[in-house]
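2 protein chains.
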Amino acid sequence: MKPTVHDIAKIAGVSLATVDRVLNGRPGVRSVTRGKVEDAIISLGYVRDLAAANLAKSRTYSFVFILPANDNSFMIGLTEEVRGAVARSSSERTDIRIVDVPPFDPGALVASLEAVLAEKPAGVAFVAIDAPEVRAAARRLSEAGIPTVTLVSDLPESSRDHYAGIDNIAAGRTAGSLMGRFLSGPLMDERGATVAVLAGSMLVRDHRERLEGFSTVIAHAYPNVHILPVLEGRDDPALSETMVAEALRRNADIAGIYSLGAGNRGLIRALQTAHGPRRPLVIAHELTASTRAALSNGVIDAVLNQDAGHEVRSAIRVLKAKADGLPVLAAQERIRIDIFLKDNLP
Amino acid sequence: MKPTVHDIAKIAGVSLATVDRVLNGRPGVRSVTRGKVEDAIISLGYVRDLAAANLAKSRTYSFVFILPANDNSFMIGLTEEVRGAVARSSSERTDIRIVDVPPFDPGALVASLEAVLAEKPAGVAFVAIDAPEVRAAARRLSEAGIPTVTLVSDLPESSRDHYAGIDNIAAGRTAGSLMGRFLSGPLMDERGATVAVLAGSMLVRDHRERLEGFSTVIAHAYPNVHILPVLEGRDDPALSETMVAEALRRNADIAGIYSLGAGNRGLIRALQTAHGPRRPLVIAHELTASTRAALSNGVIDAVLNQDAGHEVRSAIRVLKAKADGLPVLAAQERIRIDIFLKDNLP
DNA sequence: CAAATTTTGATTTACGTACCTCAGAATTTC
DNA sequence: GAAATTCTGAGGTACGTAAATCAAAATTTG
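For the protein sequence lines, the chains are A and B, in the order given. Residue 130 in our numbering sits at position 126 of the first sequence, with consecutive numbering throughout. Residue 187 in our numbering sits at position 183 of the second sequence, with consecutive numbering throughout.
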């Protein structure tokens, strides 16, 4: 039988009330008595029954998810996943609220974080923007004892408790390695090969990190692959399309394209209308309806993906664990970089 | 406020006892009364509080994991993951027991399943062997109302409730696609390229399926890649090593090796001692200490992996859900094929 | 040493559900 | 219409913990 508070009281020779005071850190216990109770807890190997405790407290975990009101497929999918979690939340004693913020706007994010801080939720998840004022707001949350998790985009060297997202440098390295290997041979002559990079904005940390990883691997392992200046398409379909089309026109010898942002719809349109000597090798990020279709019909060769559903569920698990002061299973919470070819599409 | 049984009683105009009889399918309720209660349940949107119910029943889920006593790294890791789950199980109202069976022995597996059936656990997970008698034993379990999950290796067209493992045909296709792309160019001349396949045994379903996927992609997309007859190394390090060494000696032009079983330690040793004109391109399965090292230092080029921890946790979640009659979140329970290059090693 | 303060015990109620008993009401059977 | 049977209500206890009250004991303070 699992030991209960009653067993502790019996072994320690104190009353239930005292055990309760020790367990819940309430005042009014001499240190000698506290010691006796703690010894009993250890010797019995007591672990609090969380289900019973939550029932007694009639506790619900109230979490807030702050999400950018972005219109790209990935962010829409992410929001959808959080909605799904909201739908399931009642049966899991969680009460999840979604707060929308304008995208790429540190000030708005800070304002949201402040507003959220005021209502003292049991935990906050947000898509970070890498700015000092955001870091300061995160610090105020953690100083108020509110567990915080960054989602998709991290805020390193801050007081966040956890990051639910992929390692973007590793993602860029992986893209670089695939690009190098796929290009070696058929698409590369003795003069080397030229590769274009399409990003959203170099102001966003994820994009910077992916480019960094990509460039590093290319420079070290595939020195005869040349990377053109980055095209910043602001994750906008129309802008991305014209930029890519323009680049293809100007550089007939583009052998590969790495799309590290969310401008894939435009990229795909540009590729479908272009008619160069040969189709460039394309590696993109995020499996959406359009990238999936492009992968199937050979317009895109590989897609690196982060599973938004996993990220959301992981964020919730971590927030819950932190709220309960429980340890986090690191292996379970590591968000993986999925590599999809047309052959392993789910 | 979430509705409770008390609210149902009030709305339906019956007593708590009657509500309880309806909710738990106990006899002694006229169909008219039952209807009133059911209407109230629906109109209130009542959902039973599982935590409270389990507390009242002082219920623990008793699950049994039947695992082959195999000595390869993957199975050892899998067992380790189940052990970890056992360690955590007390705090999750689960009581998991591990049963060892001799590997590759359908009779022994059936005997274990029978023995387990006798003790009526709340759920069973087992690594299936594709044999009619195993299928029959699984049927008896499900007829007894015991949820069953196959782990790592499936038993298709059986009465199992769920399969916690990867799609091995897709894994083989992915390996084929990577092999074809990586080979095209530097390692392939106009005469094409030769590829060797190292398997454990063609009697095991996973291995057959991986080979099937691999061969299909190669035949369709890379017709000038030739696959040598499969080497069956029985997942034994020594045997695998001699078979690979022998093959390399006989076929100096082997450009690629696909290791789809668990004979990687032997394979790596053979590769390290061989000194052909150029290193073959190697794709293997399962990220273990040895494949990880080989990936880092370039002996292996890509590793396809299934995360044993995820499989075990998924199996437990599914068994729990089935035991409670709850739906399963398919997206969460899909086990993915991880592709590791040296650049995205975790 | 008395008064004030702190510490502890005993007891109770509550959370939402399960399960049991027993009495009384309603219905069916003869 | 009486007897047998089936249904229903009222009430209780339990699961393991939280949280509160109030009295009694121990300790510290003046």
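Each residue gets a CB set at the ideal place from its N, CA and C atoms; glycine is no exception.
When we look at the beta-carbon of residue i and count the other beta-carbons within 10 Å, is it buried (16 or more) or exposed?
i: Leu207(A); result: exposed
i: Arg185(B); result: buried
i: Ser19(A); result: exposed
i: Ala140(B); result: exposed
i: Val36(B); result: exposed
i: His224(B); result: exposed
i: Glu213(A); result: buried
i: Ala119(A); result: exposed
i: Ser300(B); result: exposed
i: Ile46(A); result: exposed
Can you grab the Cα-Cα spacing for the pair residue i / residue j, in whole Å?
i: Gly49(B); j: Pro7(B); result: 8 Å
i: Pro125(B); j: Val68(B); result: 7 Å
i: Arg321(B); j: Val303(A); result: 38 Å
i: Asp104(A); j: His289(A); result: 24 Å
i: Pro106(A); j: Ala112(A); result: 7 Å
i: Leu82(B); j: Ala179(A); result: 30 Å
i: Thr292(B); j: Arg97(A); result: 38 Å
i: Arg92(B); j: Glu337(B); result: 20 Å
i: Glu42(B); j: Pro31(B); result: 15 Å
i: Val86(B); j: Ala60(B); result: 28 Å
i: Ile15(A); j: Val51(A); result: 15 Å
i: Pro5(B); j: Gly29(A); result: Residue identity differs from the one stated: residue 5(B) is Met in this sequence, not Pro. Taking the straight line joining both Cα atoms gives about 29 Å.
i: Ala249(B); j: Thr277(B); result: 8 Å
i: Val199(A); j: Val316(A); result: 34 Å
i: Ile231(B); j: Leu215(B); result: 10 Å
i: Asp257(B); j: Arg282(B); result: 9 Å
i: Ser62(B); j: Ala56(A); result: 10 Å
Is there at least one Cβ from chain A nearer than 8 Å to residue i's Cβ?
i: Ile339(B); result: no
i: Ser318(B); result: no
i: Phe69(B); result: no
i: Thr98(B); result: no
i: Asp347(B); result: yes
i: Arg321(B); result: no
i: Arg296(B); result: no
i: Arg139(B); result: no
i: Ile3(B); result: No information on residue 3(B) is available, as it lies outside the stretch 5 to 350 that chain B covers here.
i: Ala129(B); result: no
i: Ser94(B); result: yes
i: Val221(B); result: yes
i: Gly196(B); result: no
i: Gln310(B); result: no
If we define contact as Cβ-Cβ less than 8 Å, is residue i a contact residue for chain B?
i: Pro350(A); result: yes
i: Lys6(A); result: yes
i: Gln276(A); result: no
i: Arg177(A); result: yes
i: Ser157(A); result: no
i: Arg283(A); result: no
i: Asn58(A); result: yes
i: Phe108(A); result: no
i: Ser66(A); result: no
i: Phe78(A); result: no
Would the C-beta of residue i count as close to the ligand FMN, meaning under 7 Å from any of its heavy atoms?
i: Arg92(A); result: With respect to the ligand FMN, the structure shown offers nothing to examine, as it has no ligands at all.
Cβ atoms of residue j and residue i: under 8 Å apart, would you say?
i: Ala266(A); j: Asn58(A); result: no
i: Val153(A); j: His166(A); result: yes
i: Val114(A); j: Leu71(A); result: no
i: Met183(B); j: Gly260(B); result: yes
i: Leu271(A); j: Val201(A); result: no
i: Val229(B); j: Gly196(B); result: yes
i: Asn348(A); j: Ile341(B); result: yes
i: Ala129(B); j: Ala13(B); result: no
Have a look at the options and flag the residue whose alpha-carbon is nearest the alpha-carbon of residue i.
i: Pro350(B); options: Ile231(A), Pro72(A), Ser205(A), Ala175(A); result: Ala175(A)
i: Ser163(A); options: Gly149(A), Arg34(A), Asn28(A); result: Gly149(A)
i: Leu345(A); options: Val307(A), Lys326(A), Val316(A), Ala335(A); result: Val307(A)
i: Gly127(B); options: Ala327(B), Ile341(B), Pro284(B); result: Ala327(B)
i: Gly313(A); options: Arg296(B), His314(B), Leu333(B); result: Leu333(B)
i: Asn268(A); options: Pro284(A), Thr246(A), Thr295(A), Met247(A); result: Thr295(A)
i: Glu161(B); options: Ile133(B), Leu252(B), Leu243(B); result: Ile133(B)
i: Gly329(B); options: Gly39(B), Arg25(B), Leu54(B); result: Leu54(B)
i: Glu137(A); options: Glu147(A), Ala122(A), Asp109(A); result: Asp109(A)
i: Gln310(B); options: Tyr65(B), Pro331(B), Ile339(B); result: Ile339(B)
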